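Trainee: Just so you know, we're using the working numbering here: the sequence shown kicks off at 2 and counts up by one.
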Amino acid sequence: MDSFGVLVLLAILVGVAMIVRRRLLARSGGTFELSLNKRPAAPSGRSARGWTLGIGRYAGERLEWFRVFSLGIRPSYTLERGHVEVTGRREPVGPEAFALYAGNVIVECRSADQTIQLGLSPESLTALLAWLESGPPGRESGKVI
Numbered sequence: 002m003d004s005f006g007v008l009v010l011l012a013i014l015v016g017v018a019m020i021v022r023r024r025l026l027a028r029s030g031g032t033f034e035l036s037l038n039k040r041p042a043a044p045s046g047r048s049a050r051g052w053t054l055g056i057g058r059y060a061g062e063r064l065e066w067f068r069v070f071s072l073g074i075r076p077s078y079t080l081e082r083g084h085v086e087v088t089g090r091r092e093p094v095g096p097e098a099f100a101l102y103a104g105n106v107i108v109e110c111r112s113a114d115q116t117i118q119l120g121l122s123p124e125s126l127t128a129l130l131a132w133l134e135s136g137p138p139g140r141e142s143g144k145v146i
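#1: Here's the rule I'm using: 16 or more other beta-carbon atoms within 10 Å means buried, otherwise exposed. How should Gln115 be labelled?
#2: Using 10 angstroms around the beta-carbon of Arg82, count the other beta-carbons present and answer buried if the total reaches 16, otherwise exposed.
#3: Does Pro123 pass the burial test, meaning 16 or more other C-beta atoms within 10 Å, or should it be called exposed?
#4: Kindly give me the distance between the Cβ atoms of Thr53 and Glu65, rounded to whole angstroms, as I take these residues to be in contact under 8 Å.
#5: Check whether the segment 55 to 69 touches the segment 16 to 26, counting contact only when three or more Cβ pairs, one atom from each stretch, lie closer than 8 Å.
#6: Please classify Ser135: is it buried, with 16 or more other beta-carbons within 10 angstroms of its beta-carbon, or exposed?
#7: Can you tell me whether Phe99 is helix, strand or coil according to DSSP?
#8: If you count every other CB in all the chains shown that lies within 10 Å of the CB of Pro166, and 16 or more means buried, which is it?
#9: Does Leu8 come out as helix, strand or coil in the three-state DSSP assignment?
#10: So does the segment 96 to 109 actually touch the segment 28 to 37, counting three or more Cβ pairs closer than 8 Å?
#11: Could you tell me how far apart the beta carbons of Glu92 and Val108 are, in whole angstroms, since I believe they sit closer than 8 Å?
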């Protein structure tokens with residue numbers, strides 16, 4: 002087998018591994034498209050910098066985020082319910098629309114001492130807001146503005 006054949010075989014194996022990973026993640030809870038940007042929004046001239054496509058999954062009191070183009074099975078980022086505050090919502094502007102999944106909206110969230118942006122579908126945003134507001138009694142639930 003020549004080097005081209007090895008590269009093709011390797012590409013096929015990586016593709017199959019990514020499909021298997023996605024199925025494993027979905028098996029332990031429904032997943033949805035969720036992009037993440039750890040950079041705060043620019044006050045003017047929105048930029049596509051910092052956005053990473055990903056997959057979200059609710060796991061009890063946590064929202065777990067996984068990179069799309071990764072073989073890892075552990076979340077790359079985790080948000081704890083009760084420690085997240087949604088501070089704003091907006092539509093993608095300019096190049097942001099091309100950096101996110103089609104039809105996504107952007108919500109700005111504060112978690113502990115960090116501000117992040119999440120890009121998700123309107124349906125997934127409804128689920129996120131319901132999840133934040135439905136914390137167990139006696140615990141501080143996520144604030145939604």
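Even for Gly, the Cβ is constructed at its ideal location relative to N, Cα and C. The structure presented is a predicted model; accordingly, all values stated were derived computationally and were not measured.
Mentor: Based on what the coordinates show:
#1: exposed
#2: buried
#3: exposed
#4: Wrong, their Cβ atoms sit about 14 Å apart, outside the cutoff.
#5: yes
#6: exposed
#7: helix
#8: Beyond the ends of the chain as shown, which are 2 and 146, falls residue 166; an answer cannot be given.
#9: helix
#10: yes
#11: Wrong, their Cβ atoms sit about 11 Å apart, outside the cutoff.
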